[in-house]
Amino acid sequence: MSSDETDLIERLHAVARGFEMPAAPPGDDVHRGLQRVRRTRALVAGAAAAAVVVVLGVSAALGGQDSAGSRGMEPAERPGLVVGAVPVWYDARGLHRGDVVEQTPVDIVQPERAVTEDSVSPMQGVLALVRSGAVYLDPATGDVWFHPWGGHPRVVGHDSQAGPGGDPNGDTAVWFDAGLGKLVVYDTAAGRVISRTPEYESVGVLSGDHWPAGNGFLQVSEERVVWAAGGTIYSHDVRTRRTSTIQDAPASPYLMDVHDQVDVFRGNEGGASVLVLSVPGRAEERYRGFEPRARLSPSGTHLLSVEGTETRHAGAILDTRTGELWRLPNAYPWIAWSYGEIALVDIEHALLACDATRRTCRSLPAERPFLLPTN
Amino acid sequence: MDVEEDFTAYVSQRRLTLFRTACLLCGDPHQAEDIVQDALARLYAAWPRASRADDIDGYARRTIINSHLNQVRRPWRREHVAADVGERPTAVHLPTEDLQVLWAALRNLPPGQRKVVILRHYLGLSVEETAADLGISVGTVKSQTSDALAALRRALAAEFGASVTDGEDA
Chain A
698 MSSDETDLIE
708 RLHAVARGFE
718 MPAAPPGDDV
728 HRGLQRVRRT
738 RALVAGAAAA
748 AVVVVLGVSA
758 ALGGQDSAGS
768 RGMEPAERPG
778 LVVGAVPVWY
788 DARGLHRGDV
798 VEQTPVDIVQ
808 PERAVTEDSV
818 SPMQGVLALV
828 RSGAVYLDPA
838 TGDVWFHPWG
848 GHPRVVGHDS
858 QAGPGGDPNG
868 DTAVWFDAGL
878 GKLVVYDTAA
888 GRVISRTPEY
898 ESVGVLSGDH
908 WPAGNGFLQV
918 SEERVVWAAG
928 GTIYSHDVRT
938 RRTSTIQDAP
948 ASPYLMDVHD
958 QVDVFRGNEG
968 GASVLVLSVP
978 GRAEERYRGF
988 EPRARLSPSG
998 THLLSVEGTE
1008 TRHAGAILDT
1018 RTGELWRLPN
1028 AYPWIAWSYG
1038 EIALVDIEHA
1048 LLACDATRRT
1058 CRSLPAERPF
1068 LLPTN
Chain B
318 MDVEEDFTAY
328 VSQRRLTLFR
338 TACLLCGDPH
348 QAEDIVQDAL
358 ARLYAAWPRA
368 SRADDIDGYA
378 RRTIINSHLN
388 QVRRPWRREH
398 VAADVGERPT
408 AVHLPTEDLQ
418 VLWAALRNLP
428 PGQRKVVILR
438 HYLGLSVEET
448 AADLGISVGT
458 VKSQTSDALA
468 ALRRALAAEF
478 GASVTDGEDA
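Here the protein sequences line up with chains A and B, keeping their order. Numbers given in the working numbering equal positions in the first sequence, counted from 1, plus 697. Numbers given in the working numbering equal positions in the second sequence, counted from 1, plus 317.
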């Protein structure tokens, strides 16, 4: 380190010493902590009470109001087209699913308002997948659209700030309605809202190196919704409408993604980030040389991440069943999963669809700027 | 030692550092106090697990960073927390002009650069620790640190006419 730099850093410390901390009354921090604990417990209890109301049939009447015909939304058209393991992305030509391009009724990318790790909102765009279509955010209005493949897109939600999440293997879509302060669980096949549940903390906006702008929904299924918000991870049981905290505040190891049978954590060994794979019936597996984010494929059989070593800064796919590693082309990537085991890899001048089962990649006819799914 | 005693003892030792870190992160001592209060409330709620972690300071530091992100992303929550706090003045004493210039330059850095330079050179984290805390690559930490230090040197040079040399990030 140069003497100039040492001097600069000493001045930085001098600046920090210039801040006078206000006197904190004794016990204030404990008091606030207790308030937080009580608020979380009350929230869980409130959601449980709502579940009891459902059992008693009161919400059967409310359920009629939750149909797609409410709040000015169009009546549902039952979706039917389920596409296979194809790459899905959005660009200026439209919403691509494999070789088919479908038009969207609104622009779902606003590149002039692109989010960085430091921007609040609006977002560049959010695109998520469900079995028979896509769900996406209109960044201009906060509306959530359901786009059935080969069908007519329609608005299904409002006031979403971080955009929707979806189950690429099923029909469940989710989002947070900021106006209501509630998690909305929506059945895209039935065309109706399953539940609207008040939650203490909505899903966080995510962006940063290698991953497209999106949100913190880690898992969406007909059984549960898992999301991250500011380091805390919540799990919502769709049937009981109860939400529990499965990780409170940042922790090490930190849960990065979940699937039914697989959990992925970010751990720390001697200051270096490691991926930790937890699979029932197997000893915990640790993988070094990876950057601190990773996502499981829709089946949970593959893990997509980025290797960061002296010689490689590039995508890689780990088979969670065998531990085998497939290294993707050695170039700085932006990465996301599509349907099946198809990973989308944006490197330099190309968008690739990389099939994790066949270990092959092909170039896609994508035009920049494009939007990748946030699943 | 019970939870409250244990937590209170930790906070009494670390609160000033956490507060100063938050000040450097957000550029506003009033907002920094909100951030610290929010972070410590979270830390208390997680204390049974956090206190068993190998690196409680790292746990607390990441809580500060995430509370800062929450404040940025939800300004209405900041207003709610500030209403709870009431009027408590905070002050910045920068007795020399060079420190005032540096403080202004730090606040003008892009937030990503500001975060890495604070973690690397105020808190003394390694490149790898900084990358892990911020969820970014090692390469990004190095490049943002280099850019940030260069910007801060230029700011001081512009005011005081000192010669600027490019140092190497350690």
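Think of the CB as a built atom: it goes at the ideal place given N, C-alpha and C, for glycine as much as any other residue.
Taking 8 Å as the threshold, find out whether the region 794-805 of chain A comes into contact with the region 833-843 of chain A through three or more Cβ pairs.
yes
Please classify L778/A as buried or exposed, where buried requires at least 16 neighbouring CB atoms within 10 angstroms.
exposed
A421/B versus V320/B, G344/B and Y327/B, residue with shortest Cα-Cα distance:
G344/B
Just the C-alpha distance for V409/B and A720/A, rounded to the nearest angstrom, thanks.
15 Å
How long is the line joining the alpha carbons of L1001/A and E1038/A, rounded to whole angstroms?
10 Å
I'd like to know whether the C-beta of P989/A is nearer than 7 Å to at least one C-beta of chain B.
yes
Since I706/A meets chain B, which of its residues come closer than 7 Å, beta carbon to beta carbon?
H438
Separation of D450/B from M718/A, as counted between CA atoms:
24 Å
6 Å Cβ shell around Q944/A - same chain, five flanking residues per side excluded
I930 and L952
Tell me whether D323/B is buried or exposed, calling it buried when 16 or more other Cβ atoms sit within 10 Å of its Cβ.
exposed
Measure the alpha-carbon distance for L753/A versus R938/A and round it to whole angstroms.
At L753/A the pLDDT is 47, less than 50, meaning the model places this residue with poor confidence; the figure from the coordinates comes in the next sentence. Rounded to whole angstroms, L753/A to R938/A spans 14 Å at the Cα level.
Distance cutoff 7 Å, beta carbons only. Does V955/A sit that close to anything in chain B?
no
DSSP state of P989/A mapped onto helix, strand, coil
strand
Check each candidate in S970/A, S932/A and H933/A and name the one with the smallest Cα separation from P950/A.
S970/A
Under 8 Å from the C-beta of F336/B: neighbouring residues of chain A
F716 and M718
Does the region 435-445 of chain B touch the region 885-901 of chain A, meaning 3 or more C-beta pairs lie closer than 8 Å?
no
Establish whether the CB of A362/B and some CB of chain A are separated by less than 7 Å.
yes
Let me make sure I understand the geometry here. Which of G848/A, G997/A and A1047/A has the alpha-carbon closest to that of S829/A?
G848/A
Shorter than 7 Å from the beta carbon of P365/B to some beta carbon of chain A?
no
Counting only the same chain and skipping the five closest in sequence on each side, list residues whose C-beta sits under 6 Å from that of V976/A.
V959
Which runs of the beta strand (DSSP E) spanning at least 3 residues fall entirely within the region 961-1034 of chain A, listed in chain order?
969-975, 982-985, 987-993, 999-1005, 1010-1016, 1022-1024 and 1030-1034
Using 7 Å as the limit for Cβ to Cβ distance, is L342/B near chain A?
no
Please confirm if L333/B has its CB atom under 7 Å from at least one CB of chain A.
yes
In chain B, which residues lie less than 7 Å from A969/A when you measure between Cβ atoms?
E445
For I706/A, which residues of its own chain have a beta-carbon under 7 Å away from its beta-carbon, when the five flanking residues on both sides are left out?
none
Under DSSP, the alpha helix (DSSP H) around H933/A begins and ends at which residues?
Premise fails: H933/A lies in the beta strand (DSSP E), T929 to D934, not in any alpha helix (DSSP H).
At the level of alpha carbons, what is the spacing between V935/A and S941/A?
12 Å
Nearest-angstrom Cα distance between D401/B and G730/A?
Bear in mind that a pLDDT of 41 at D401/B, under 50, signals an unreliable position, so the model cannot answer this.
Length of the line joining the Cα atoms of V780/A and T869/A
16 Å
Check distances from the C-beta atoms of the region 993-1015 of chain A to those of chain B and list, in chain order, the residues that come in under 8 Å.
V1003, G1005 and H1010
Which whole-angstrom value describes the C-beta separation of Y908/A and I1032/A, a residue pair presumed to lie in contact below a C-beta threshold of 8 Å?
Correcting the residue identity first, residue 908/A is Trp in this sequence and not Tyr. Confirmed, Cβ separation roughly 7 Å.
Just to check, is the beta-carbon of A358/B closer than 6 Å to a non-hydrogen atom of the ligand NAD?
Of ligands this structure carries none, so the ligand NAD is not represented either.
Only counting runs of 4 or more residues, tell me where the alpha helix (DSSP H) segments fall wholly within the region 330-387 of chain B, in order along the chain.
346-362 and 364-367
Neighbourhood of R1065/A by C-beta, 8 Å cutoff - its chain only, sequence neighbours within 5 removed:
D788
Is the Cβ of V712/A closer than 7 Å to any Cβ of chain B?
yes
With 7 Å set as the bound, which would you pick, yes or no: does the beta-carbon of R729/A sit closer than that to a beta-carbon of chain B?
yes
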